[in-house]
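Numbered continuously in this note's numbering, the sequence shown closes out at residue 296.
For every residue, glycine included, the Cβ atom is placed at its ideal position computed from N, Cα and C.
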Amino acid sequence: MAEITASMVKELRERTDAPMMECKRALTEAGGDLGKAEEILRARLGSKASKAASRVTAEGAVGLFVAADAKLAAMVEVNCETDFVAKNEDFQAFAKSLADLVAQHDPADVTALSALSLAGTAVDAARTALIGKIGENISIRRFVRIPARGRIASYVHGGSRIGVLVDLVGGDDALGRDVAMHIAASKPVALATEDVPSDLIERERSIAALKAAESGKPADIIDKMVQGSVQKFLKEVALLSQPFVKDDKKSVQQLLKDHGASVAGFALYIVGEGIEKKQSDFAAEVAAQAAAASSR
């Protein structure tokens, strides 16, 4: 059997960027033939990607693109399985490159984005290769592209877990950043109360009605209680009516008015929002991994 040296493992790792132990295992299977070992790894990485595809991706990062003149911006959410991988430089670079593609090509949906070319290969092929390299499932969840009426302000928080784009008309860069930071902190769902989605309003109305019914008050009083609860909810989730985080004595709308500015629109992405995370038994997971390692 050919001797597998550290230099051979290093060379194969540089060719494929695969984990060191995977390189050593492939070289052993190939009898020290670097070319054959590389083929084995390429096939294995694809296999690893397909096995990973069923695993839940509730962590991840947002990638942002803002044009130099701040007249165009894009934001993409890319998901993975663990917070550790979300901080990986290659993963973060992939998310950023997708935002660049969205800004440049304006794809219709994630499927169209996945078919675009990234560094000479299809985005989906690049995603699959990254799965093989990192060893976790990776998915492209959503994106937004904003051609600005004014200028784009952006903010990223929590290691790229929260991303904000704001189309600010008037004002200055400091105001734009303040509004973007406010959005990240207060998480509005709409610009104004009239823009709040009807399904959210109806859900809040239903909850308020159940609570009010428990009071035992007359129907007309209950109706007023429900309406009051709904109005309070709308003010809490609409950006313009929210108290400004740096000065809760004024609303965001008043803040904008003071600076002769307005917000034409905004986008807020919170990584993993709405994705059900898998609850795992850590001890069982370690035992399973140990059993898999011993069976190799």
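- Of the candidates Ser215, Glu202, Ser186, Ser186 places its Cα closest to the Cα of His157.
- Rounded to whole angstroms, the Cβ separation of Leu165 and Phe266 is 6 Å, and the two are in contact under 8 Å.
- Arg25 carries a helical assignment under DSSP once its states are collapsed to helix, strand and coil.
- Inclusion of Ala58 and Gly228 in the CB contact set at 8 Å is not warranted, their separation being larger than that value.
- In this structure, the alpha-carbon of Pro19 lies about 47 Å from that of Val263.
- Counted as a single uninterrupted DSSP element, the beta strand (DSSP E) harbouring Glu77 occupies residues 72 to 80.
- Every alpha helix (DSSP H) of 4 residues or more that sits fully in the segment 125 to 202 is shown, in chain order, as 173 to 186.
- Counting only runs of at least 4 residues, the segment 104 to 128 fully encloses the following alpha helix (DSSP H) elements, listed from N- to C-terminal order: 110 to 115.
- As far as DSSP is concerned, Pro218 takes part in no beta bridge.
- Per DSSP, the beta bridge partners of Ser262 are Val169.
- Setting aside the 5 residues that flank it on each side, Val226 is surrounded in the same chain by Arg205, Ala208, Ala209, Ala212, each with a C-beta closer than 8 Å to its C-beta; the list follows chain order.
- By the Cβ rule, the segment 125 to 133 counts as touching the segment 88 to 101, because three or more pairs are nearer than 8 Å.
- It is roughly 54 Å from the alpha-carbon of Lys96 to the alpha-carbon of Asp220.
- Looking at Met21, Leu101, Ile4, the one whose alpha-carbon comes closest to that of Thr121 is Leu101.
- Boundaries of the beta strand (DSSP E) harbouring Asp247: 247 to 251, taken from the DSSP string.
- In the structure shown, Ile4 adopts coil according to DSSP, grouped into three states.
- In chain order, Ile162 place their CB closer than 6 Å to the CB of Ile270, counting only its own chain and leaving out the 5 sequence neighbours on each side.
- In this chain, Ala61 is not harboured by any alpha helix (DSSP H); it is covered by the beta strand (DSSP E) spanning 59 to 66.
- A direct Cα-to-Cα measurement between Leu27 and Ile134 gives close to 20 Å.
- Within the same chain, and ignoring the five residues on either side of Leu255 in sequence, the residues whose Cβ sits closer than 6 Å to its Cβ are Phe244.
- Counted as a single uninterrupted DSSP element, the alpha helix (DSSP H) harbouring Asp83 occupies residues 83 to 86.
- Check the Cα spacing between Lys10 and each of Leu34, Glu29, Ala2, Met181: the tightest is with Leu34.
- Burial check for Pro147: the Cβ neighbour count within 10 Å stays below 16, so the residue is exposed.
- Contact between Arg145 and Glu77 is absent: CB atoms are separated by about 13 Å, not below the 8 Å threshold.
- Sequence-distant partners of Met181 (beyond 5 residues in either direction) whose C-beta falls short of 6 Å from its own C-beta, in its chain, are Tyr155.
- In terms of Cβ geometry, Val196 and Val189 form a close pair [threshold 8 Å].
- Across the set Leu191, Ile275, Val66, the C-alpha of Leu191 shows the shortest separation from the C-alpha of Ser251.
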